[in-house]
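Worksheet: the structure to be examined is printed underneath.
Residue numbers (the numbering used here): 186 to 367.
In structure tokens:
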């Protein structure tokens with residue numbers, strides 16, 4: 186693959202990525218670095234990498250749906266999901282059930298779904314979908330259940346690597362670059 190940050194992509198991974206129509210992302214530890222900031226009144230804040238968001242915007246441009254799924258009851262995740270046009274599930278105790286619900290709603294098979302997560306609650310969807318991906322800093326017990334590990338850590342561009350893989354595998358990179366350089 187000609188994109189240096191995707192140089193470790195195998196033919197099997199590329200074939201799986203070419204089928205994806207729904208990209209699901211855990212939030213804490215995947216789209217963020219896992220830290221949660223609470224002010225004195227209990228208001229939560231998190232930091233998101235804008236490059237991850239740009240990747241998700243590009244996925245949507247090419248018809249790939251996105252979803253955010255978090256076990257926390259996070260208004261911040263709802264807000265970020267709304268900004269990105271994502272289906273968003275908060276307080277999700279069974280993330281695989283959320284993925285299945287999305288598949289039913291959009292008429293998709295599990296092999297048309299990618300899921301990116303970093304910790305133990307993410308293992309069931311990582312194992313069930315067509316393309317399970319984890320950030321570089323994923324928990325050691327979760328790591329073996331992902332088909333691909335990004336070079337970047339959660340909250341530091343890991344989701345963008347997955348977005349770039351999907352765009353490249355589906356032949357959209359030239360269209361993205363052509364539009365931006367015209």
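The beta-carbon is built from N, C-alpha and C at its ideal position, and this holds for glycine as well.
- The stretch 303-319 and the stretch 277-289 touch, with no fewer than 3 CB-CB distances between them shorter than 8 Å.
- For residue 212, no beta strand (DSSP E) segment is defined, and its DSSP state is neither H nor E.
- Rounded to whole angstroms, residue 246 and residue 238 show a C-alpha spacing of 12 Å.
- Look at the beta carbons and you see the stretch 252-270 not touching the stretch 354-361: under three pairs across the two are nearer than 8 Å.
- Under the three-state reduction of DSSP, residue 286 is assigned to helix.
- Looking from the CA of residue 223, the closest CA among 232, 215, 306 belongs to 232.
- Per DSSP, the beta-bridge partners of residue 300 are 209, 317.
- Going by DSSP, residue 237 is part of the alpha helix (DSSP H) stretching over 235-246.
- Boundaries of the beta strand (DSSP E) harbouring residue 253: 250-254, taken from the DSSP string.
- Residue 293 sits in coil when the DSSP states are folded into three classes, being neither helix nor strand.
- The DSSP-derived three-state label of residue 268 is helix.
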